[in-house]
Amino acid sequence: MSRTPVLLTAAFLGIGLFLSTPAARAANAYLPNGVSPSVSVVDTVSHQLLATIAVGNGPFGVAITPDGAIVLVTNQTDGTVSVIDGFSNTVLATVTVGHQPNAVVVKPDGSSAYVVNGGDSTLSVVDLTRDVVTTTIPLISRVGNVPAGGSANAVITVDGSRVYVMNTSDESVSVIDAMTNRFVTAIDLQVPGEAGLPQNGIAVTPDGKTVIAANAMGFSIIDTATNSIRINVREGSPGSITISPDSTLAYMTAAGLAVHRTSDGSYQTILSSQINSQTLVFNTSLVVSRDGSKLFFMDPFGNALGEMDTKVGIVDSLTDVSGTRVPFLGSYIGPDAPSSLAAAVLPGGRSVTEGTTATVFATMLNTGSTDLASCSVALPLGGVNGLSFHYQTTDPLTNTLVGQLDTPVTIAAHGSQTFVLSFETASAVSGLSQSLAFGCHGTGFAPITEGVNTVGLLYSATAVPDIIALAATSSGDGIVTVPLSAGAESAFAVASDNNGAPSLIIASVDTGDATLPVTATICQSDPVTAQCLAPPATSISVGFPANATPTFSIFVRATGAVPFAPATSRLFVRFNDSGGTSHGGTSVAVRTVD
Numbered sequence: 024m025s026r027t028p029v030l031l032t033a034a035f036l037g038i039g040l041f042l043s044t045p046a047a048r049a050a051n052a053y054l055p056n057g058v059s060p061s062v063s064v065v066d067t068v069s070h071q072l073l074a075t076i077a078v079g080n081g082p083f084g085v086a087i088t089p090d091g092a093i094v095l096v097t098n099q100t101d102g103t104v105s106v107i108d109g110f111s112n113t114v115l116a117t118v119t120v121g122h123q124p125n126a127v128v129v130k131p132d133g134s135s136a137y138v139v140n141g142g143d144s145t146l147s148v149v150d151l152t153r154d155v156v157t158t159t160i161p162l163i164s165r166v167g168n169v170p171a172g173g174s175a176n177a178v179i180t181v182d183g184s185r186v187y188v189m190n191t192s193d194e195s196v197s198v199i200d201a202m203t204n205r206f207v208t209a210i211d212l213q214v215p216g217e218a219g220l221p222q223n224g225i226a227v228t229p230d231g232k233t234v235i236a237a238n239a240m241g242f243s244i245i246d247t248a249t250n251s252i253r254i255n256v257r258e259g260s261p262g263s264i265t266i267s268p269d270s271t272l273a274y275m276t277a278a279g280l281a282v283h284r285t286s287d288g289s290y291q292t293i294l295s296s297q298i299n300s301q302t303l304v305f306n307t308s309l310v311v312s313r314d315g316s317k318l319f320f321m322d323p324f325g326n327a328l329g330e331m332d333t334k335v336g337i338v339d340s341l342t343d344v345s346g347t348r349v350p351f352l353g354s355y356i357g358p359d360a361p362s363s364l365a366a367a368v369l370p371g372g373r374s375v376t377e378g379t380t381a382t383v384f385a386t387m388l389n390t391g392s393t394d395l396a397s398c399s400v401a402l403p404l405g406g407v408n409g410l411s412f413h414y415q416t417t418d419p420l421t422n423t424l425v426g427q428l429d430t431p432v433t434i435a436a437h438g439s440q441t442f443v444l445s446f447e448t449a450s451a452v453s454g455l456s457q458s459l460a461f462g463c464h465g466t467g468f469a470p471i472t473e474g475v476n477t478v479g480l481l482y483s484a485t486a487v488p489d490i491i492a493l494a495a496t497s498s499g500d501g502i503v504t505v506p507l508s509a510g511a512e513s514a515f516a517v518a519s520d521n522n523g524a525p526s527l528i529i530a531s532v533d534t535g536d537a538t539l540p541v542t543a544t545i546c547q548s549d550p551v552t553a554q555c556l557a558p559p560a561t562s563i564s565v566g567f568p569a570n571a572t573p574t575f576s577i578f579v580r581a582t583g584a585v586p587f588a589p590a591t592s593r594l595f596v597r598f599n600d601s602g603g604t605s606h607g608g609t610s611v612a613v614r615t616v617d
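Everything in the sequence shown is counted per my numbering, starting at 24 for the first residue and increasing by one.
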């Protein structure tokens, strides 16, 4: 069959990166200083103090309208709320509320705010169009009366229909109908046989289906449809809670523990020693960014604002806010700002025997206009036990090692740095798709994209094939562009090298977890003419002797539009044995044009 796609004529040593980085937006943390009448505003991108805003005495809780126009700060000592212009950082008004106000939440439409008055267990409803209190709601508790103080925190559902208030004085959650501003019910958090009062932490999932409330011995997961407890989890004593935008993860602080992630009642623990030298205590604030990529936390002992990448579980930075005292409700993070860092690795997988070092090449790209310092590569937390990892810079022209092992470097503005990455373990590992933390100080971590900057690893007790596969597209940028015209076809090529034992390999092509309106077939090709040696199919059997270097052609047709989304719209070329175990692979991005 005579079909001629892109001809791969030389070894591919460089790494092409493709990305579209939107312009940075404001991403500010508002930190009430507790013992002093002020709020610190920190830019979470540059990690610089932007402003110090004078407010009332005992500033405590913070909330912001969805458009970022208004920031609200409760002043416990004064019994007031400061209304701040979120753009000029100036106080517009001061509203008198109840006794010892602490938490404040804002309706999703920005029309009003609910202020929890801990001293008299009431809820003040503030009209944000006139900056006045319109209603005061008594917070009825589980025993049928107003708690004698101790109402500590609140959340509001994403549709603005209900407010849930934590009452720490009697272990209950009050439910308020935010449409009528009337009390609905109280949820009893007390567990028979257990003593103690709950902490302040409470959060609602963005889908509105679940409220998570901290209690004496752990936390309770509440079904909002029935306002009943679905499950009680007994772990730690969490204080602050925040939930990921996709409603799957809850992040919690706890005495002696740092962050719990829960999904439908399951959870894992990240030790505090891996986050900071100081333990994240019960009154530490937690806020997750709107895209879910960053978790911000306060270390009140170290006077620092911490920033953790949620995908890799590693702290990116700590911003010194010395001289402030930040209470447990004391931060809010504004709109997200994207990282100016991107990364890619080649090849996409290694298959070796136990005790053998597996290596791949990597490139980090600084898309920003300023130099990035302390750039490094690391394994995320919670990785495979026994897997060791090292990185070292290389000469991008020759791929020879330069610099020092495991030593961070500076990447110039609009520049790049190449590395060799090495993995080693004495134990068997199968089917591991290893993500990596590519990070620099001040910009966070590069987004993790399966097939772009992840590495498939296999460590076997016996000799196995190790297919090093590299893809090339006609555009040279790792993107195959397919015309939407009827019958139109595009192609790309893959070169391979079996660095391991001989084996029969199944070579295939697919779209991964995504469902895309494309069809793709693969054939083994003549390395000189690039012509198919047999008709293309979705998968083919290929004999791979040791040191064999077969080439392949992949043909792509589209039956519908595929927008440019390189993180999800991809074609994966896989090299598996007959049992389905991966021994190498590569991928390209795919898109269509009219």
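Backbone N, C-alpha and C define an ideal beta-carbon position, used for all residues, glycine too. Treat the numbers as computed from the prediction; the structure is a model and nothing was measured.
- Asn255: member of the beta strand (DSSP E) spanning 251–256, first to last residue.
- Taking a cut-off of 8 Å on C-beta distances, the segment 483–498 touches the segment 514–533, as three or more cross pairs fall below it.
- Of all C-beta pairs linking the segment 123–140 to the segment 178–188, three or more are shorter than 8 Å, placing the two stretches in contact.
- About 6 Å separates the CB atoms of Ala449 and Gly378; that is less than 8 Å, so the two are in contact.
- If you draw a straight line from the Cα of Leu556 to the Cα of Asp230, it is about 53 Å long.
- For Gln415, the enclosing beta strand (DSSP E) covers residues 411–417.
- The secondary-structure analysis by DSSP pairs Leu481 across a beta bridge with Ser374.
- For Met387, the uninterrupted beta strand (DSSP E) run begins and ends at 381–389, by DSSP.
- The beta carbon of Gly438 sits closer than 6 Å to the beta carbons of Asn389 from its chain, once the five residues preceding and following it are set aside; these are given in chain order.
- Inside the segment 455–524, DSSP marks whole beta strand (DSSP E) runs of 3 or more residues at positions 460–463, 478–483, 490–495, 502–506, 513–521, from first to last along the chain.
- Apart from the 5 residues on each side of it in sequence, Thr572 sits with its Cβ closer than 6 Å to the Cβ of Asp520 in its chain, given in chain order.
- Arg373 and Ile235 have their C-alpha atoms spaced approximately 42 Å apart.
- In the DSSP assignment, His606 falls within the unbroken beta strand (DSSP E) covering 605–616.
- For Thr441, the pairing in a beta bridge is given by DSSP as Thr386, Thr417.
- About 6 Å separates the beta carbon of Val139 from that of Asn125, a gap short enough to meet the 8 Å contact definition.
- Here Pro89 carries a coil assignment [DSSP, helix/strand/coil].
- Residue burial annotation: Arg185 is buried, with at least 16 other C-beta atoms found within 10 angstroms of its C-beta.
- Pro559 is positioned such that its CB atom lies closer than 8 Å to that of Ile545.
- The C-beta of Pro82 has 16 or more other C-beta atoms within 10 Å across all chains shown, which makes the residue buried.
- Taking 3 residues as the minimum length, the beta strand (DSSP E) runs contained wholly in the segment 543–600 are 562–567, 574–581, 593–599, in order along the chain.
- Assignment of Pro161 by DSSP, reduced to helix, strand and coil, places it in the strand class.
- In terms of Cβ geometry, Met240 and Val214 form a close pair [threshold 8 Å].
- Nearest to Lys232 by alpha-carbon distance, out of Arg253, Ser111, Asp101, is Arg253.
- Minimum Cα-Cα distance from Pro586 among the listed residues Val198, Asp489, Pro540 corresponds to Pro540.
- Pro89 and Gly57 have their C-alpha atoms spaced approximately 25 Å apart.
- In this structure, the CA atom of Phe412 is about 22 Å from the CA atom of Ala486.
- Residue environment: Gln547 is assigned as buried (16 or more neighbouring CB atoms within 10 Å of its CB, all protein chains considered).
- The beta carbon of Phe110 sits closer than 8 Å to those of Gly91, Ala92, all from its chain and outside the five residues before and after it, given in chain order.
- Shortest Cα-Cα distance from Leu328 to any of Val611, Leu395, Asn51 involves Asn51.
- If the five residues before and after Leu402 are omitted, its C-beta is found closer than 8 Å to the C-beta atoms of Leu410, Phe412, Gln457, Leu459, Ala460, all from its own chain and listed in chain order.
- Spatial neighbours of Thr542 in its own chain (CB-CB distance under 6 Å, excluding positions within 5 residues in sequence) are listed in chain order as Arg580.
- Residue pairing by DSSP places Lys317 opposite Asp332 in a beta bridge.
- Ile529 and Ser564 do touch by the CB rule: their CB atoms are close to 6 Å apart, below 8 Å.
- Residue environment for Leu420: exposed (fewer than 16 other C-beta atoms within 10 angstroms of its C-beta).
- Here Thr103 is not near Val85, since their CB atoms are 8 Å or more apart.
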